[in-house]
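Heads up, the sequence shown is in our numbering, so the first residue is 126 and it goes up one at a time. To start, the structure under review is shown below, and the notes come after it.
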Amino acid sequence: MSARIIDGKAIAQELRDAIAAEVAGIAARGGGQPGLAVVLVGNDPASEVYVGSKARQTVAVGMRSFEYRLPADVPEADLLALVDRLNRDDAVDGILVQLPLPGHIDANRVIEAIDPDKDVDGFHPVNAGRLLIGLPGLVPCTPLGSLLLLQSVHHDLSGLSAVVVGRSNIVGKPLAQLLLQQNATVTIAHSRTRDLPAVCRGADILVAAVGRPEMVRGDWIRPGATVIDVGINRLPPAPGAAKGRLVGDVAFEEARTVAGAITPVPGGVGPMTIACLLRNTLQAFKARHGVS
Ligand code: NDP
Numbered sequence: 126m127s128a129r130i131i132d133g134k135a136i137a138q139e140l141r142d143a144i145a146a147e148v149a150g151i152a153a154r155g156g157g158q159p160g161l162a163v164v165l166v167g168n169d170p171a172s173e174v175y176v177g178s179k180a181r182q183t184v185a186v187g188m189r190s191f192e193y194r195l196p197a198d199v200p201e202a203d204l205l206a207l208v209d210r211l212n213r214d215d216a217v218d219g220i221l222v223q224l225p226l227p228g229h230i231d232a233n234r235v236i237e238a239i240d241p242d243k244d245v246d247g248f249h250p251v252n253a254g255r256l257l258i259g260l261p262g263l264v265p266c267t268p269l270g271s272l273l274l275l276q277s278v279h280h281d282l283s284g285l286s287a288v289v290v291g292r293s294n295i296v297g298k299p300l301a302q303l304l305l306q307q308n309a310t311v312t313i314a315h316s317r318t319r320d321l322p323a324v325c326r327g328a329d330i331l332v333a334a335v336g337r338p339e340m341v342r343g344d345w346i347r348p349g350a351t352v353i354d355v356g357i358n359r360l361p362p363a364p365g366a367a368k369g370r371l372v373g374d375v376a377f378e379e380a381r382t383v384a385g386a387i388t389p390v391p392g393g394v395g396p397m398t399i400a401c402l403l404r405n406t407l408q409a410f411k412a413r414h415g416v417s
């Protein structure tokens, strides 16, 4: 058997097309234009790449993009003052402060300073709480993207057994909440879980969000299960190569012979993350402007 490959690139493109059409419709009715502000502190190369592609994709769907680049040694108070200004700026519907932040800045304090209704990363404790108790709110982008990929395979997740390996606040925990909301029976596994392979073998839906290259082996997977690989890991370069290969947390070649459907790395969850950021920005705009 060879698993169906879940094409995150194509699904993300469809989502961006739908967002662009909705943004164009709002503009045509004179309803305004959603705006996303992205703040980058320092010049971490990976963060620069993310921020650049966020800005490009924001403009491509017809939204306004505001970019703020602050030096690595910016005082925390200055960053908080910028967040406060963006909270009060009516042209800004979404605020994203790119993580990680330099060590002298308290990331939690910065996240908590963002207006929860503009918190398009969904990391504010108010949004985490809303997700937990089932109120409408902004949901973190990578878990939301992972759920949309799952729903491209399973029309209904109700009653399915889902195992999420990883319990971070940005991926594992919110994804487990989303799956619970969809009536899956959810297990959250982590570094202290006993006999992780056996736990994984119980899953109809297996999500790996660990950050360990190819940790989940083929024989950890129940035949026919749907596997979502959130991990993005760069292997050390082969001799003579400039860069190592990108791999997920799942041993893809083994897994694809057992699973029913699986996301590749790259081209699976990754492209969904920015598409969901745009979705959240549109949602924030609509909520702030009373657009249904
Ligand atoms: P964290 O490091 O914050 O969390 C990793 C989780 O994995 C922890 O809960 C940890 O358990 C668990 N874990 C670590 N080792 C093991 C192990 N041996 N067995 C079982 N569980 C283990 O990572 P993130 O959640 O931020 O990211 C996870 C992966 O997803 C990374 O590869 C990251 O690059 C990728 N990622 C991809 C995104 C995308 O856009 N596709 C976006 C965000 C992340 P414990 O809590 O017990 O320590």
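The beta carbon of each residue, even a glycine, is placed where N, CA and C say it ideally should be.
- [ ] Determine, using beta carbons only, whether valine 245 and leucine 256 come nearer to each other than 7 Å.
- [x] Counting from 1 along the sequence shown, the entry for residue 245 is found at position 120. Counting from 1 along the sequence shown, the entry for residue 256 is found at position 131. No, the pair does not count as a contact, with Cβ atoms beyond the cut-off.
Task: Closest residue to valine 251 among Asn233, Tyr193, Pro268 (Cα-Cα distance) - done: On the sequence shown, residue 251 is found 126 positions in, with the first residue counted as 1. Residue Asn233 is the option with its Cα nearest to valine 251.
Open item on the list: Give me, in chain order, the residues of the same chain whose beta-carbon lies closer than 6 Å to that of glycine 392; leave out the 5 immediate sequence neighbours on both sides.
Closed with: Residue 392 sits at position 267 when you count from the first residue of the sequence shown. Excluding positions up to five away in sequence, the list reads Gly133, Lys134.
Open item on the list: If you measure between the beta carbons of valine 335 and aspartate 374, is that distance less than 7 Å?
Closed with: Against the sequence shown, residue 335 aligns to sequence position 210. Against the sequence shown, residue 374 aligns to sequence position 249. Yes, the Cβ-Cβ distance between valine 335 and aspartate 374 is below 7 Å.
Open item on the list: Assuming alanine 287 and leucine 304 are in contact, meaning their beta carbons sit under 8 Å apart, how far apart are those beta carbons, in whole angstroms?
Closed with: Sequence index remark: in the sequence shown, residue 287 carries index 162 (1-based). Sequence index remark: in the sequence shown, residue 304 carries index 179 (1-based). Rounded, the Cβ-Cβ distance is 5 Å, consistent with contact.
- [ ] Tell me whether glycine 365 sits in a helix, a strand or coil according to DSSP, three-state version.
- [x] As a working mapping, residue 365 is identified with position 240 in the sequence shown. Coil.
- [ ] Go ahead and label histidine 249 buried or exposed: buried means 16 or more other beta carbons lie within 10 angstroms of its beta carbon, across all protein chains shown.
- [x] As a working mapping, residue 249 is identified with position 124 in the sequence shown. By the 10 Å Cβ count, histidine 249 comes out buried.
Task: Residues bridged to glycine 160 (per DSSP) - done: Sequence index remark: in the sequence shown, residue 160 carries index 35 (1-based). Answer is Arg189.
Task: Extent of the continuous beta strand (DSSP E) to which threonine 351 belongs - done: Counted from its first residue, the sequence shown places residue 351 at position 226. Looking at the DSSP string, the run of the beta strand (DSSP E) that includes threonine 351 is 351–354.
- [ ] Give the DSSP bridge partners of glycine 219, in chain order.
- [x] As a working note, residue 219 is residue 94 in the sequence shown. For glycine 219, which the question treats as bridged, DSSP gives the partners Leu161.
Task: Any non-hydrogen atom of ligand 3 within 6 Å of histidine 315 CB - done: The model on display carries ligand 1 but not ligand 3.
Task: Alpha carbon of proline 299 to alpha carbon of aspartate 198, nearest angstrom - done: Along the sequence shown, read from residue 1 onward, the residue named residue 299 stands at position 174. Along the sequence shown, read from residue 1 onward, the residue named residue 198 stands at position 73. The alpha-carbon atoms of proline 299 and aspartate 198 are separated by roughly 32 Å.
Task: Residue range of the alpha helix (DSSP H) that includes alanine 149 - done: Position 24 of the sequence shown, counted from the start, is the residue given in the question as residue 149. 133–153 is the span of the alpha helix (DSSP H), which, as asked, contains alanine 149.
- [ ] With a threshold of 6 Å, establish whether the CB of serine 293 neighbours any heavy atom of ligand 1.
- [x] In the sequence shown, the residue the question calls residue 293 occupies position 168. Yes, Cβ of serine 293 sits closer than 6 Å to a heavy atom of ligand 1.
Open item on the list: I need the boundaries of the alpha helix (DSSP H) containing valine 290, first residue and last residue.
Closed with: Taking the first residue of the sequence shown as position 1, residue 290 is located at position 165. Not the alpha helix (DSSP H): valine 290 falls in the beta strand (DSSP E), residues 286–290.
- [ ] Determine the contact status of leucine 226 and valine 176, defining contact as a CB-CB distance below 7 Å.
- [x] Along the sequence shown, one-based indexing puts residue 226 at 101. Along the sequence shown, one-based indexing puts residue 176 at 51. No.
- [ ] With DSSP collapsed to three states, give me the class of leucine 257.
- [x] The residue labelled residue 257 in the question sits at position 132 within the sequence shown. Leucine 257 falls in the helix class under three-state DSSP.
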